[in-house]
Amino acid sequence: MKIRIGYGLGVRTTLNDHGFLDVVDALEGLHFDSLWLSERIGGEAPDPLVAMSMAAGRTSKLKFGMSVMVLPGRNPIVLAKELATLDRMSRGRLLPAFGLGVADPHEQQAFGVERSQRARIFNEAIEVMRQCWTQDAVTFHGEHFHYDNLRVQPKPLQQPPDIWLGGIAPSELKRIGRLADGWLPSFVTPEDAAAGWNTITAVAAEHDRVIDPEHFGVLLPYAHAQLPDALLAGLKARRPDLDDVNTLVPQGWDQLVTVINQFIAIGASKFVVLPIIEPTSPTEWVRHLEESAQVLLPLEN
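Following this note's numbering, the numbering of the sequence shown begins with 5 at its first residue and continues without gaps.
As structure tokens, then:
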């Protein structure tokens with residue numbers, strides 16, 4: 005397995021001005037594998053598509069993806085062209101990852117999709133986008149999208165880009181097995197991940213599909229200080245099944261390395277690490293990444 009480590013900014017980041025480029029420069033210069041942008045309409049986090057485009061133009065080796073971009077509510081044809089263009093212009097460095105969107109009334113209003121409709125729209129949109137990237141013309145008739153002999157150019161450099169999905173709910177794992185090329189869950193234990201990967205590979209086999217074992221990743225938040233009460237409350241709401249949600253967030257570099265090695269032992273090889281308490285300035289971000297590189301990049305092979 006090729007162990008690779010990238011960085012995520014998360015939905016709480018405030019890196020939405022020139023400081024973002026300082027962090028991009030540091031990630032490229034330190035030879036991290038990738039940068040992942042999250043989406044939150046009502047938050048300070050930058051738009052993923054715009055931020056990825058800025059990062060692509062600033063770098064030559066750094067890959068970039070979304071963790072995740074909300075698909076329901078977007079035009080899949082237009083988005084397919086936008087992402088194909090970005091993939092070509094970046095020489096194949098795009099890592100597209102999509103989600104249904106957070107269960108939040110504000111965000112649902114922004115995307116204009118009823119919660120009960122999200123999954124069906126999402127499933128169709130993935131199929132439409134993949135056809136845009138691989139076929140000369142798209143003919144598709146579903147519940148939500150209808151196209152006849154529609155040409156979408158250009159095609160991406162990657163043929164096609166691998167689509168990554170997250171989630172650990174049973175319905176999400178089944179969707180990944182049916183539709184995705186890679187899995188990037190967040191706030192999971194190694195035991196969660198091992199069980200989820202088994203389900204995904206079994207469902208993929210039922211649909212005559214094989215998901216590359218190299219495409220088993222984890223988005224892993226970490227901290228260097230005690231988590232604020234608000235964050236702990238959010239984690240408890242997200243994972244009410246766990247007695248101690250602190251286990252989801254390694255404390256300090258040594259514990260982070262230990263947890264990454266635990267995930268490697270069960271087959272994961274792609275990691276997106278995310279400081280759940282963000283450095284306070286671009287300068288502090290760069291210092292943090294320099295320290296991180298000394299600790300984490302030796303894990304790659």
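Note that the Cβ used here is the ideal one computed from N, Cα and C, for glycine as well.
Are the CB atoms of Leu39 and Ala60 nearer to each other than 7 Å?
no
Candidates Glu111, Leu224 and Cys136, of which the one nearest Asp152 by Cα
Ranked by Cα distance from Asp152, the options Glu111, Leu224 and Cys136 are led by Cys136.
Local conformation of Met4 per DSSP, three classes
Nothing about residue 4 can be read from this structure; the chain reaches only from 5 to 305.
Tell me Lys159's beta-bridge partners as DSSP assigns them.
Per DSSP, none; premise fails for Lys159.
Whole-angstrom Cβ separation of Ile204 and Leu154, contact assumed at under 8 Å?
Not really, about 31 Å apart at Cβ, beyond 8 Å.
For a test of the three-state rule: what should DSSP assign to Asn153, helix, strand or coil?
Asn153 sits in a strand when the DSSP states are folded into three classes.
On the criterion of 16 or more Cβ atoms from any shown chain inside 10 Å, does Asn127 qualify as buried, or is it exposed?
buried
Neighbour-count burial assignment, Lys67, 16 or more Cβ in a 10 Å radius:
buried
Bridge partner(s) assigned by DSSP for Gly69
Trp40 and Leu99
Would Gly77 and Phe24 be called neighbours here (beta carbons separated by less than 7 Å)?
no
For the alpha helix (DSSP H) holding His22, just list the boundary residues, first then last.
His22 to Leu34
Check whether the region 228-241 and the region 155-173 are in contact - that is, three or more C-beta pairs closer than 8 Å.
no
Top-ranked residue by Cα proximity to His150, from Glu131, Pro109, Asp140 and Pro165:
Of the candidates Glu131, Pro109, Asp140 and Pro165, the one whose C-alpha sits nearest the C-alpha of His150 is Glu131.
Could you pull the start and end residues of the beta strand (DSSP E) that Gly256 belongs to?
Looking at the DSSP string, Gly256 is not in any beta strand (DSSP E); the run it does join, the alpha helix (DSSP H), is Gly256 to Ala269.
Nearest to Gln163 by alpha carbon, out of Asp91, Ala30 and Gly46?
Asp91
Closest by CA to Leu99, which one among Met70, Leu161, Glu86 and Lys85?
Met70
Residue range of the alpha helix (DSSP H) that His110 falls in?
Start and end: Pro109 to Phe115.
Which partner residues does Ala137 have in the DSSP bridge list?
The sequence given here has Trp at residue 137, not Ala. Its beta-bridge partners do not exist; DSSP assigns none.
What is the DSSP secondary structure of Pro174, reduced to helix, strand or coil?
helix
Does the region 192-200 come close enough to the region 208-216 that 3 or more CB-CB pairs lie under 8 Å?
no
Reducing DSSP to helix, strand and coil, say where Ala234 ends up.
Reduced to three states, the DSSP call for Ala234 is helix.
Can Gly69 be considered in contact with the ligand COA, in the sense that its beta carbon sits closer than 6 Å to one or more heavy atoms?
Although the ligand COA was asked about, the structure shown includes no ligands whatsoever.
Can you tell me the Cβ-Cβ gap for Leu224 and Val249, rounded? I've got them flagged as a contact below 8 Å.
In fact, because the Cβ distance is near 14 Å, the residues do not count as touching under 8 Å.
Kindly indicate the opening and closing residues of the alpha helix (DSSP H) around Gly146.
Gly146 -> no alpha helix (DSSP H), and no H or E assigned at all.
With distance defined between alpha-carbon atoms, name the residue in Ile180, Leu303 and Pro109 nearest to Thr268.
Note that residue 268 is Ile in the sequence shown, not Thr. When each option's Cα is compared against that of Ile268, the closest is Leu303.
Have a look at Arg97 and Lys240 and give me their C-alpha separation to the nearest angstrom.
35 Å
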